[in-house]
Amino acid sequence: MLNAAEKNFLFQHIPLVEAEMSRLEMRITSAAASSTTFFINVNKAWQDFCSSLCQLHNAPRLRHPVWLSLLERDHDENVVVADFCKQLTRLVEKLDTKHTKFFLSNVISTVLMHHMSWVASVAPPLHAPTHIHEKNPLVGSIFNDEAPYMPYNAQIAQYLEISGSVGSVHRMAKTVVSGFDSDLITSILQVLSYFIRCSAIHQKEDERCSQLPIAQSFSPCAATTPESLASPPSECPLDGTFSPSKVDDDALSSCSLESLPSVIGNRGHRRTSTSACNDIFSTMTPADGLGRSLLAGPSSDYSPHFVLSGLVGGPGQVNEAFAKMIDDVRCEDTACHRAAATSLSSSMSSSSVCESIQLPDNVIILADTHTWSVQVASNEGWGEVFSPSEAVVSMLEQFCDLYRVGYAPRLLISYLEDSLSDILSKSLSLVEIVSRGSPSSQGPLSPERVRSIVDCDHSDLRLILNVASVYWPSVLASVV
1 MLNAAEKNFL FQHIPLVEAE MSRLEMRITS AAASSTTFFI NVNKAWQDFC SSLCQLHNAP
61 RLRHPVWLSL LERDHDENVV VADFCKQLTR LVEKLDTKHT KFFLSNVIST VLMHHMSWVA
121 SVAPPLHAPT HIHEKNPLVG SIFNDEAPYM PYNAQIAQYL EISGSVGSVH RMAKTVVSGF
181 DSDLITSILQ VLSYFIRCSA IHQKEDERCS QLPIAQSFSP CAATTPESLA SPPSECPLDG
241 TFSPSKVDDD ALSSCSLESL PSVIGNRGHR RTSTSACNDI FSTMTPADGL GRSLLAGPSS
301 DYSPHFVLSG LVGGPGQVNE AFAKMIDDVR CEDTACHRAA ATSLSSSMSS SSVCESIQLP
361 DNVIILADTH TWSVQVASNE GWGEVFSPSE AVVSMLEQFC DLYRVGYAPR LLISYLEDSL
421 SDILSKSLSL VEIVSRGSPS SQGPLSPERV RSIVDCDHSD LRLILNVASV YWPSVLASVV
C-alpha cells in the first residue's frame, strides 16, 4: 500500500501519470498482436512504466527555482535576488564569449522564443480584480481571491503555463542542458528558472471545503488584440540551487512505487539554506506543487517528464538522449496534449479559458555545454540555433555593467523586466499593424519592413514574431 505522501505525489502529478498509463495501455494492445511474444512485451512495457514513474519520483529538483521562489515567498527574497544576480553575472562573463559562441545569450534567446509564459508575467491581467488580498512588491504579481476554480483546474493551468502554452500559442516546450560539468549545468538551470515561468498555486482554507486551489491572475488567454496588453511590473527577482536525491541507474530501474522514499513532506516545512552548486546532491527537499516538480536538476539520463532538466554525460549519453528526444517530439499522447484537451473541454462551459485550443506542438531545446551548441527539435524537424537575439545580448551585457558598478539586486531585476517589456512592446507594434490590416500593410511584410517598423535588429525578428503570435497567431504568416 502507498503511504499518504506517495498518494499525494501521484495525485499531484496525475497528468504525467495518466500519460504514462496511456503509453502502457497502447503497448499492451500492440503486444496482443503476437501471442508468442505477448508476455515478454507486456513485461517489458510494465518495467518501463515502473522505471519511468521511479525516475519522475526520484529525479533531483531545483531547490529554489527563482521565479517560483519569488512568487511563493518560500525563501528570503533578498537572498534569492542577490544569488541570482551574482550567478547570472558570473555565467555571462564565462559563457558569453566568442570562444563559447555566446552560448548563454543563445540559450536564453531560444528559451524566450519557445517558453512563452514570460509574456504573461510581463503583461498584467486583462481585468483588475475587485478584491485584492495581497500583492508581491518584488515581482508585481497579485494574489487574487477571485481566481476561477470551477470548472477551472489550477494544476492543469499551471502545467500548461510552465510548458509554454500561453494565449494563442499552444506548445509543449522543454529545455535540456547537457555536458560534463554538473556544477555548470546546475548554474545554467538555476538562471533559466527565472525565464521559464508559471503561476503559483496557493491553498486556501474555507469553511465550506477543506482546501480550494487559488491561482494568481497570470495567463492572458483571452487576449487577441494589442489593446489587451498593459505595462509590465517594475520589479522581479530569483534564486538558485538544487534539492536532489542521488539515485543510481540500477536502483531507478528496479524500484517499485511502494519502495520509493517519500518526497512530499509537511508543506509547512521548507529549507532555508542557500547552498552553492557543490551542494547539488544533498537530501531531496519536497517539491511543493507540480510547477516546481517539473524543474529538475542534472541526472545521468533524459526524462520526458520535466520542462527544465540537466543531462550529465559524454557524447554517447547525449546521442542516446537525442534519440529519446526525437521520439518525444513525435509523440502525440503526452501529458501536455492531455492537459490541452482537458482545458479545451472546460472552455466549452467557461469563458475564462481561451476560445480555441489546438493540440500543442512539441519543442525540445538541447543546450550542449561540451560543444557550445543550441539545437531545437520540433514537429517540423531538428535544427541548430547559430546566433542569439541582439536584444538579449544587449540585455545581459548591460545587466553585468550595472552589477559591476554596484546596483542593488532589486534594481537589476527591474532592469531585466523592463528589457523583457521592451521586447513585448515591439511585438505589439507588429501585432497592431497586422491585426488592423491598414492598406499599407496589405500582403506579407518583408523582414526589412518589420525591422523599420519596430526598430529592431535582424536577429531579433524570430523572437519578436514568436511573442507577437501569443496575441495574434496569423502574424507568423504575415512576415516572409
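Under the UniProt record's numbering, the letters of the sequence shown match residues 1 to 480, in that order. We treat Cβ as the ideally placed atom computed from N, Cα and C, and that holds for glycine.
9 Å Cβ cutoff met for A367 and V107: In this structure, V107 lies closer than 9 Å to A367 by Cβ.
Close Cβ partners of R292 (< 7 Å) along its chain, the five nearest in sequence each way excluded: Shown here for R292: same chain residues with a beta carbon closer than 7 Å to its own, the five before and five after excluded, namely R61, P65 and L68 in chain order.
Span of the beta strand (DSSP E) around P409: That residue, P409, is in no beta strand (DSSP E); its alpha helix (DSSP H) goes P409 to R436.
Cα-Cα separation, D239 to S419: Note that D239 scores 41 on pLDDT, short of 50, meaning its location in the model is unreliable and no value can be drawn from it.
V329 Cβ short of 8 Å to the ligand MG heavy atom set: Inclusion of the ligand MG in the displayed structure is not the case, the ligand content being empty and no account of it being possible.
Closest Cα partner of R63 within the set N8, L71, S52 and H75: Of the candidates N8, L71, S52 and H75, the residue whose Cα lies closest to the Cα of R63 is H75.
Contact under 9 Å by Cβ, S389 with D457: Contact flag set, yes.
Residues that K174 bridges to, as DSSP identifies them: Paired residues: I364.
Pairwise C-alpha distance: V166 and S425: Between S425 and V166, the alpha-carbon positions lie close to 17 Å from each other.
Residue burial classification, F9 (beta-carbon count within 10 angstroms, cutoff 16): Under this definition F9 is a buried residue.
Length of the line joining the Cα atoms of L56 and S178: Between L56 and S178, the C-alpha separation is close to 19 Å.
Pairwise C-alpha distance: A321 and A31: Whole-angstrom Cα-Cα distance: 25 Å.
Which of helix, strand or coil DSSP assigns to L10: Helix.
Beta carbon of S309 nearer than 9 Å to that of R197: No, the Cβ-Cβ distance between S309 and R197 is not below 9 Å.
Collapsed DSSP secondary structure at E93 in the structure displayed: For E93, the secondary structure class from DSSP, reduced to helix, strand or coil, is helix.
Cβ pair Y403, K94 closer than 9 Å: A distance of 9 Å or more separates the beta carbons of Y403 and K94.
Own chain partners of S373 with C-beta closer than 7 Å, once the 5 adjacent residues on each side are dropped: So the qualifying residues of the chain are E384.
Straight-line Cα distance separating D328 from A120: Straight-line Cα distance between these residues: approximately 26 Å.
Own chain partners of S234 with C-beta closer than 6 Å, once the 5 adjacent residues on each side are dropped: In this prediction, S234 scores a pLDDT of 39, lower than 50, which makes its location untrustworthy; the coordinate-derived value is nonetheless stated afterwards. Closer than 6 Å at Cβ, skipping near neighbours: S414.
Alpha helix (DSSP H) segment containing V377, residue limits: According to the sequence shown, residue 377 is Ala rather than Val. Run containing A377: none in the alpha helix (DSSP H); it sits in the beta strand (DSSP E), S373 to S378.
From A154, V467 and V42, residue whose alpha carbon lies closest to that of I28: By alpha-carbon distance to I28, the top candidate from A154, V467 and V42 is V42.
Reduced DSSP secondary structure (H/G/I, E/B, other) of W472: Here W472 sits in coil by DSSP.
Beta-carbon gap between F49 and L24 smaller than 9 Å: Yes; because the gap between Cβ atoms is below 9 Å, this pair is in contact.
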